[in-house]
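Residue numbers (the working numbering), protein chains in the order written: chain A, 1 to 303; chain B, 304 to 606; chain C, 607 to 909; chain D, 910 to 1212.
Structure, rendered in structure tokens:
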């Protein structure tokens, strides 16, 4: 019998701050309420787009609590619970489970990366998975952490019965293919960016946690649907149409760009926490233009 | 009307040396004669697997001459003609054309990489393409050169009417997808390694120049055929079966591993030029075991 | 009149944990008591060797409080107060000042490094310096953070009257020289590793925060003294003798090696927090042998 | 008895091209004639600043022949003779010796860097040193090659009686110090850039091969003299004054900047070979201004 494992399109939701820099939980709840009625399969609270590294532990717990309530069982909830220490990761994972998260997303420890070998990573993940009441996903985000777990390491980590997937943000096709080939059928290999969602599906991936899912949930979900229907040509065409808006809310304009795009579709984005700088007016105009050209920003749809 | 552009599976053929370290043109010709009757669509002479950086200009010319004669029109011939200077690249490209090569594969200049911006690369490729009697392909091999041309740069280079394709060895799915989306229909985006051939085809790629094609030409060509027939499940399964033998002749054991595998299927591989070290007996045994397990090494087939 | 700025040799003290993984403040206090009577000019609490990334905010405050009391005014105290957010860095810096720290050491934010440009870093450091009651040092630790602030950025940050120094762990001689040349006389350029302490002094540096200072405070201080006396030959000879023990407690065996060496000289080292693995017996034996050969481990001296 | 080994300041001379892109040997000879009467200890023909990667073998031989004649025994001549293959490096080294070069400078093979381990590099250098009639220097230029030989590898290579030095362009102080400490007294550790010449001397280095030596030979030689006289303060002050002009002819404006500066002091620089782009007028103006401010460009001195 297959284990519970994540499937489909998840949005790594942005954390909302007020003009005073404090958490804005009211807007957070209303954003997540909107996602709960969207085409998404779920949300990921406190991924990189959720600025988890800039949050205190108290703030993290409030976000999980608020998010789970706002979703109210309508979608799956993944909570980012990784910290630099095994001890801290276990503690936060347990609390996320108590607060109702469905999965824990545990980023690779990275600060002391020159000292972390395969044994260190396997022990870390297996310790967290042993202690976690909920299934655990591995989170590889090399652009930010500098750590790109080798396939052999992931394969060994994935032997644990409570490790059910990986989000990899790199987009390396051979790696995605090899991860799928060498992990169990009920282990989910997830795309970490919408720009290779279709490729990941072709290679046996089960879905993705996609920044673009925050502002184009229908389009992202539609790529999965078209793929499942075997309509490769339409899936590829839609995937290609999403390249520019995906870049706008990720590599080109970052979290500030994502939040600007959220503002544009009627959600509340706001500004990121410094030292991340807010989007300039010129950047906002570019984001808007890119989204309009790609057909993502359709006033008729939002409102 | 579409321009002439490369399509299908090409093997980047190994350069054969005798025990004295000199070119062994007889074995080279016999190897290429075998490829000319294989399932391949063509060969690439003097790619990275051809140890082009260790060859004198005279040796390069002899290899093109010998190779073109051995292929004898039965397959397409790509010749690696890139050097560190624009001037040298033009000279070698012209000679390759005279000797009968169908396409020129021009590696990115890389030594002074901190000084090469978009303008420098565009000017280099356009100068070579202007001077070349045959269509030119861009060759990106970041693992060896440290140069990973940005998509914007490739797109601008690709505007030249005599630039007809790119071989990219990186395997980054978003990049492959974006290259296809932003270049003309008759511009061939080629996989540079067999481990993402299927993914590249899904994303609109036209084929590949694949080290594995040297020792498993039928399997590589079969992946293309299955894809073209719309049999994604079989294509993916075959792709996955090829991951281990592909690694054996590329990242794991390098050119020495490739040459060892050639010896095993009845071709002549021999040793690479130092400082590349020959495969040890233990490495040869591993290559053999991997190829057997993957069904590539079938004594009945060779002979 | 010169500003207050750090001068001389500081040890980035290790954080001590009990066998249950909890802070061991008693041993921490006794270690710092020993340092307070050593040849050191001061200590740095919660640098990288203090495993600051694995500590909760509460634990950080306890360490500063305990450390300041244990030092009891006999040496200067630098407190590591950098976090990923400007807001968090300000908060922790203020508390460190309240608790009696002399300087704040603020690591470069690094997680979102692709998005941090010069403006973002300048604004971050100036905001912290504006809010800080105590002088601030910049902390660059590229091996762990992936961020190596360009000289131009440091020079602009250094214009703030409350920014008084930089610890750079990279050892790049041109960079050290240029930092000294382009910052005020009362801005301290500090070596971040004992393996270039003498070179940094030659280039105008004012001292260092040196892991080796934890276990060889006299030797590190002696390098400074010899340099100040103009005895370059002896300073260089001692510097060279320190290369192997320095590597043992940094790049070769990491924090686990440092803690093992502390155990050897009569301090309490203990184990690091996972996922950092403790030193193996073989590694401890190597550390011991290296320290003995370098004359650092002299039973007569400790006791 | 000490072996013959290079000592002092060498200029890695630029290769001069005419407006047709051909070698301009007349200007080359006249430039070298000027260097032969300068404060330099020698010249290095066909280093990176000599654009060796863009030269044919015939051109390389002509440059050595012309250069040796122009120097005419007045200074030492180092010839860059490294190629990607052991075989090619031996051949060129032998010819350079026949043509009268005093030392061979052999760059690390780098193209297949993922495959070159310690054994491969040791075998390569020992093979070249065995075959070379003249003493051999190791050339490490990581910014261009991506290869930064570990100290352990250099130490093992340096055991060969015909290997007498290393030029390292990285500027890493701990590495320079460790290289000096672990190699014989008559093995020359050379700075590869003038921005750490003084630091290298402090650490026991014997001199440098310095792009800046092409346009400020007196200043570079003066740093060595001041150091030898024990006048550290003046040596450091002069070193700091040279930082900006050194950057102008290396990292900021590259070979084009160096050649522009040569034009300014009455030598012939000309343009580099494409794809290197010539200096723009704005860049030339900046180079001029930087050199004037540093006191390098003194019309009274040249002429």
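The beta carbon of each residue, even a glycine, is placed where N, CA and C say it ideally should be.
- Would you call the region 468-483 of chain B and the region 525-542 of chain B in contact, with 3 or more CB pairs under 8 Å? no
Limits of the beta strand (DSSP E) - the one that residue 177(A) falls within: Counting along the chain, residue 177(A) falls outside any beta strand (DSSP E), though it belongs to the alpha helix (DSSP H) covering 173-182.
**Asked** Excluding the five sequence neighbours on either side, which residues of its own chain have a C-beta within less than 7 Å of the C-beta of residue 84(A), listed in chain order?
**Response** 109 and 111
* Asked: Using 8 Å as the limit for Cβ to Cβ distance, is residue 499(B) near chain A?
  -> yes
Neighbour flag for residue 921(D) against chain C, beta carbons, 8 Å | no
**Asked** What's the C-alpha gap between residue 896(C) and residue 853(C)?
**Response** 9 Å
Below-8 Å beta-carbon distance, residue 330(B) vs any chain A residue: no
Answer yes if the region 615-630 of chain C comes into contact with the region 584-601 of chain B, meaning at least three C-beta pairs across the two stretches below 8 Å, and no otherwise. no
Fill in: CB contact below 8 Å: residue 605(B) versus chain A
Caution applies to residue 605(B), whose pLDDT of 49 falls short of 50 and renders its modelled position unreliable; the value that the coordinates give is listed next. Taking Cβ atoms only, chain A never reaches closer than 8 Å to residue 605(B), which makes this a no.
inquiry  = Restricting to runs no shorter than 4 residues, where is the alpha helix (DSSP H) found entirely within the region 928-1014 of chain D?
reply    = 934-945, 966-980 and 995-1007
Any beta-carbon of chain B closer than 8 Å to the one on residue 254(A)? no
Next on the checklist: Please report the straight-line C-alpha distance between residue 485(B) and residue 245(A), rounded to a whole angstrom.
Outcome noted: 15 Å
Is the beta carbon of residue 416(B) closer than 8 Å to that of residue 455(B)?
no
Cutoff 8 Å: residue 496(B) Cβ touching any chain A Cβ:
yes
Taking Cβ-Cβ distances shorter than 9 Å, what residues in chain A pair up with residue 475(B)? 170, 171, 172, 173 and 196
**Message:** Going by C-alpha to C-alpha distance, which of 790(C), 821(C), 866(C) and 683(C) sits closest to residue 812(C)?
**Reply:** 790(C)
Chain D beta carbons: is any one of them nearer than 8 Å to that of residue 828(C)? no
Would residue 445(B) and residue 468(B) be called neighbours here (beta carbons separated by less than 8 Å)? no
Stretch pair the region 214-221 of chain A + the region 487-498 of chain B: three plus CB contacts closer than 8 Å: no
(Q) Let me check one thing: in DSSP terms, what residues is residue 511(B) bridge-paired to? (A) 312(B) and 494(B)
Contact list for residue 178(A) against chain B, beta-carbon separation under 7 Å: 546
What residues in its chain sit with their C-beta under 6 Å from that of residue 659(C), if we drop five residues either side in the sequence?
none
Which residues bound the alpha helix (DSSP H) around residue 893(C)? 887-899
- Contact check, residue 996(D) vs residue 324(B), beta carbons under 8 Å: yes
Contact set between residue 239(A) and chain B, taken where Cβ atoms lie within less than 7 Å: 480
Inset, instruction - Go through its chain and collect everything with a Cβ distance to residue 655(C)'s Cβ below 8 Å, but skip five positions before and after it. - result: 618, 619, 620, 817, 820, 861 and 864
Mark residue 946(D) as exposed unless 16 or more other C-beta atoms lie within 10 angstroms of its C-beta, in which case mark it buried.
exposed
Practice problem: Answer yes or no: do residue 990(D) and residue 972(D) have a C-beta to C-beta separation smaller than 8 Å? | Solution: no
- Message: Distance check for residue 179(A) and residue 589(B), CA to CA, integer angstroms please.
- Response: 22 Å
| message | Below 8 Å on the Cβ atoms is my contact criterion, and I expect residue 746(C) with residue 729(C) to pass it. Report the Cβ-Cβ distance as a whole number of Å. | response | Not confirmed; about 17 Å, so no contact.
**Request:** Return the chain-ordered list of same chain residues with a C-beta closer than 7 Å to the C-beta of residue 903(C), the five sequence neighbours on each side being excluded.
**Result:** 870, 871, 894 and 897
| request: Using three-state DSSP, classify residue 454(B) as helix, strand or coil. | output: helix
- Query: Does the Cβ of residue 46(A) have 16 or more other Cβ atoms within 10 Å, making it buried, or fewer, making it exposed?
  - Reply: buried
Check: So which residues of chain D does residue 838(C) contact, with C-beta pairs closer than 9 Å?
Finding: 1111, 1139 and 1141
Residue 1030(D) vs residue 1066(D) beta-carbon contact at 8 Å:
yes
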